[in-house]
Amino acid sequence: MVLAQILFNGILLGGLYGLMALGMALVWGVLNIVNLAHGAMIMLGGYIVFCLFQYAHVDPFAALPIAMLVMFGVGFLLQYCLLNLIVRSALLNTLLITFGLDVVITYMAQLIFTADFRAINPPYAGANFSVFGLTVPLIRLAAFLIALVLAGALWALLNLMPLGRAIRATSQNLTAARLYGVDPRSVYAITFGIGAALAGAAGGLYGMISNLTPYIGASLTAKSFVIAIIGGLNNPFNVILGGLVVGIAESLAALYLGPTYTDAISFGLLVLVLVVRPPRSLRAA
Amino acid sequence: MSEAALSQPLLQARGLTKRFQGLLSVNRVSFAIAENEILGLIGPNGAGKTTLVNMMSGTLKPNAGEIIFRGTPITALPPFRRAHLGIARTFQVMKPFQGMSVLDNVAVGALFGQGGGEKAMRQARESAREWITFTGLARHLDARAEALGGPDRKRLEFAKALAMRPKLLLLDEVMAGLNPVEIDEMVDLIKKICARGVTLLVIEHVMKAIRSLSDRVMVLRNGEMIAEGTPDDVLSDPRVIEAYLGARRA
Amino acid sequence: MRTWHIVLALLVAAGLAAVPWLHNDVLIQFGINALLLATLAQSWNILGGFTGYVSFGNSVFYGLGTYGTAIAMVQYNLPFGVGLAIGALAAMLCAALVGLPILRLRGPYFAIATLGLNGAMAALISNLPLAGSNNGLVLPLTRNDALFYELAVALLVACTATVWWIASSRYGTALVAIREDEDAAGSMGVNATLYKVSALVLSSLFTAIAGGIHAYWSTFVDPASAFDTTLNVRMVIMCVFGGPGTVFGPVIGSFILSIIYELLASKISTAAVLLFGIVIVVAVIFIPKGLADWLAHARTSNWRYFLRNIRENRL
């Protein structure tokens, strides 16, 4: 029975992980930018929700859309003013510049929020209910469902709406897209903004489940990578599936090996997937 | 054709097949290349010529079939080992080493080619200089490879392969985009190389060059070999004509 | 790589070696850190700059060098030299074993795979009682900064000499060919796997010794400091800022960044790191090919050089 609970926890966690990776997979797949500051953006989103909850007494779930909007703006500006300048450069340079951004964002957060652990604890934080003998924490279930909804929304955007068509066109053939009247600078900026918004939502949910510090970025970035690679960059639902794989693997590892090995597990999974099934469907740089 | 053609062929291919996600690109092609001959390989676009060469050089693994080079099966060998055995090729989509000078580009061939190549940089560079002059690139010696124009890039590809001192040289459309004078020059160079004992497989669309170079010609269409023989025989074969021009209306 | 370059380099090396005679403790300590960092940047240059395989996990070799030395000296009472050797061997072994599967990955996948390497090794070590688990180990004290300084100078010189040899040798030509076009290089006879793995092993050697020297000098090692993730990116940035694939670029770049960081840190500590991040962002936009390239062009193009870089790389 313990195993079933662990697996179930892994699934719920995996949904949130998938949401975290969604933004990174989108930006990587469309812009060919591997964003090392992705985890920092998750962290920022978390702090925005924290501030809204702590100081403006807004319910965290209601604060999520606000955080997403703010993060969209941040992402849009970052891409439009900064990243668009180096997009055609070697991949190493995008890795370096996003690393630089990661440093800047992390240390600004440290200056503003200090290194103290913060948590978002609404009054219903510990609520849970039982189903088939499994304990279902309310907040984690909500996080899982929100992750699914957002993944669905992203899928709908990319496949059903004109903006999504423009985004996909730009990712497949920049020149052709230009000829059809698409302005790549804006499309790129919007895409990055969407990625940031998704990261922000993930951050807000993360803050309700775990602690927030300015330094959580690095490990969340690494985790998002692994998930993006396992799930692939094309379909949002596959990314969620990737998140489930990692979530379940981590939960099982925590049960049998102890909690210190979670990073090693993600790394092991990553190497396994890359070596055994080299990504051919993923875009090579 | 030399008397050597009567002895064991330099390269034998049996039943080579390559499939790309359901599309049969090369379908059970078998052929042999005699020592020191020039074998022309022609066929319409998409016939599988480059894929065939890729399998011979090791860039692609065949789904079925085998390749024997000088009596040794090489089907499982990676490209660099085949280079050491003496197989060199040019790439249709040219791949110069952008950040290096023309001299060093060619020197790579001299350093790592047949038999493992030269061990000393100085000898390799001297050898590279010779090949650069041979292919007519002498004035670009120290230029960066990325600065070369189209025809010069073709010459660079050629020089790089030559510097490897190959026994078998696979040329993939080295004359594409050249004007008639340049084509004649290239034909001349190829004949000189053959005279030095190198065996060549030449993929070309320029029929005049094929006619004047090849001892024999192979024709590929939709991955299958549809004709083989002397240039005159092949180029007047109705099946070959149909492959290029479409069926004749009666 | 002309004669006057070498003469200048030797003069600089001699000058660096002479610093302890100034009897300025702060300068010597800064020097040790700067020299070790320069070695890290230079050894990263072998795989990252020449071969074009960007690794974000080289600090794992630093950590192995640190722990190899520490465990040898603390648990087995072996002398420093032996400790260094053990640390280096451990790192090279790790490089060979991990390198074989991971170097099959190209471009960004290789970079990302190396990201997790550091964390995984840190987690493993922190569960090892022999390594002092999470508490770390305390090494015997030797109060002789000048000695460590000279060791660091010697290491940097050795590493730079190796890179200089690579740049002008058949070995280095293979590495550059792999970087420019690995498939074409293979078709021309370069055994890419052999060269890539050996480059990683060479890189790990110098990185590990730097770690070992630092361990003995600071007398304390623990998983967090030994497998410091910020080291990873600092060495990458220093090399790229200075000029990857050149002989002196990484050294110059790393010294300059070390000085900037030191100046900033003494004024305003956290903001120093912040400004470091800004420096990187600005550098990637305006001098993406590194300082070495800028210096090579500075005489001819002044400020247009920056604009050209942006125009080449922007959307």
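Residue numbers (my numbering), protein chains in the order written: chain A, 1 to 285; chain B, 286 to 535; chain C, 536 to 850.
Heads up, the beta-carbon is just placed ideally off N, CA and C, and yes, glycines get one too.
Taking buried to mean at least 16 other C-beta atoms within 10 Å of its own C-beta, is residue i buried or exposed?
i               : result
E411 of chain B : exposed
G10 of chain A  : buried
M1 of chain A   : exposed
Y188 of chain A : buried
Q79 of chain A  : buried
Y256 of chain A : exposed
F585 of chain C : buried
W539 of chain C : exposed
Q293 of chain B : exposed
D102 of chain A : buried
A719 of chain C : buried
In chain B, which residues lie less than 7 angstroms from residue i when you measure between Cβ atoms?
i               : result
V725 of chain C : F365 and F397
Do residue i and residue j have their CB atoms nearer than 8 angstroms?
i               : j               : result
V725 of chain C : A743 of chain C : no
I851 of chain C : L737 of chain C : Residue 851 of chain C lies beyond the residue range present for chain C, which begins at 536 and ends at 850; the question has no answer from this structure.
I48 of chain A  : G200 of chain A : yes
A576 of chain C : P785 of chain C : yes
R118 of chain A : L212 of chain A : yes
L233 of chain A : W28 of chain A  : yes
T263 of chain A : A655 of chain C : Reading off the sequence, residue 263 of chain A comes out as Asp, not Thr. Yes; because the gap between Cβ atoms is below 8 angstroms, this pair is in contact.
P779 of chain C : V34 of chain A  : no
I813 of chain C : Y684 of chain C : no
N669 of chain C : V595 of chain C : no
T344 of chain B : Q377 of chain B : no
D560 of chain C : D680 of chain C : yes
T98 of chain A  : A37 of chain A  : yes
F591 of chain C : V771 of chain C : yes
F776 of chain C : L792 of chain C : yes
L150 of chain A : L19 of chain A  : yes
L498 of chain B : V487 of chain B : yes
V239 of chain A : A25 of chain A  : yes
W416 of chain B : V391 of chain B : yes
G618 of chain C : G603 of chain C : yes
L205 of chain A : I146 of chain A : yes
Does residue i have its Cβ less than 8 angstroms from a Cβ in chain A?
i               : result
V819 of chain C : yes
L652 of chain C : yes
N593 of chain C : no
Would residue i count as contacting chain C if we go by Cβ distances under 8 angstroms?
i               : result
D389 of chain B : yes
T335 of chain B : no
A413 of chain B : no
S186 of chain A : no
M562 of chain B : For residue 562 of chain B there is no data in the structure shown, the boundaries of chain B being 286 and 535.
F192 of chain A : no
M340 of chain B : no
A284 of chain A : In this predicted model, A284 of chain A has a pLDDT of only 34, less than 50, meaning its place in the structure is not dependable; the value taken from the coordinates is given anyway. A284 of chain A counts as touching chain C.
F225 of chain A : yes
S281 of chain A : Bear in mind that a pLDDT of 38 at S281 of chain A, under 50, signals an unreliable position, so the number given afterwards is only what the model happens to contain. Not an interface residue.
K445 of chain B : yes
V245 of chain A : no
Residue i versus chain B: which residues are under 9 angstroms apart at the beta carbon?
i               : result
G721 of chain C : G343, T344, P363, P364, F365 and A368
Give the interface partners of residue i over in chain A, defined as CB-CB distance under 8 angstroms, in chain order.
i               : result
R839 of chain C : Chain A residues near R839 of chain C: none, gap ~16 angstroms exceeds 8 angstroms.
N848 of chain C : L85, I86, V87, R88, S89 and N93
A655 of chain C : D263, A264, F267 and G268
V816 of chain C : L82, I97, G100, L101 and V104
Are the C-beta atoms of residue i and some chain B residue less than 8 angstroms apart?
i               : result
A552 of chain C : no
So residue i contacts chain A; which residues on that side make the cut at Cβ distance below 7 angstroms?
i               : result
I772 of chain C : L96
F811 of chain C : V103
List, in chain order, every chain C residue whose beta-carbon is nearer than 8 angstroms to that of residue i.
i               : result
R374 of chain B : S722
G402 of chain B : G724
Quick one: list the residues of chain C neighbouring residue i, beta-carbon separation under 7 angstroms, in chain order.
i               : result
L274 of chain A : L640, Y644 and A648
M536 of chain B : There is no way to answer for residue 536 of chain B, as the model of chain B reaches only from 286 to 535.
Along chain C, which residues have their Cβ under 9 angstroms away from the Cβ of residue i?
i               : result
F382 of chain B : V711, A712, R714, E715, D716, A719 and A720
A76 of chain A  : The question names Ala, yet the displayed sequence has Phe at residue 76 of chain A. Ordered by position in chain C, no residue passes the 9 angstroms Cβ test against F76 of chain A, which lies about 14 angstroms from the chain.
V487 of chain B : Neighbours of V487 of chain B on chain C: none; closest Cβ ~17 angstroms, over 9 angstroms.
**Study point:** chain B contacts from the stretch 698-719 of chain C (Cβ-Cβ distance under 9 angstroms)
**Key:** S703, S704, R705, T708, A709, V711, A712, R714, E715, D716, D718 and A719
Exercise for review: Below 7 angstroms between beta carbons is the criterion; list the residues of the stretch 19-41 of chain A that meet it against any residue of chain C, in chain order.
Suggested key: V34
Exercise for review: Scan the stretch 102-120 of chain A for residues whose Cβ lies nearer than 9 angstroms to a Cβ of chain C and list them as they occur along the chain.
Suggested key: D102, V103, V104, I105, T106, Y107, M108, Q110 and L111
**Study point:** Under 7 angstroms (Cβ pairs) to chain C, residues found in the stretch 197-225 of chain A
**Key:** A218, A222 and F225
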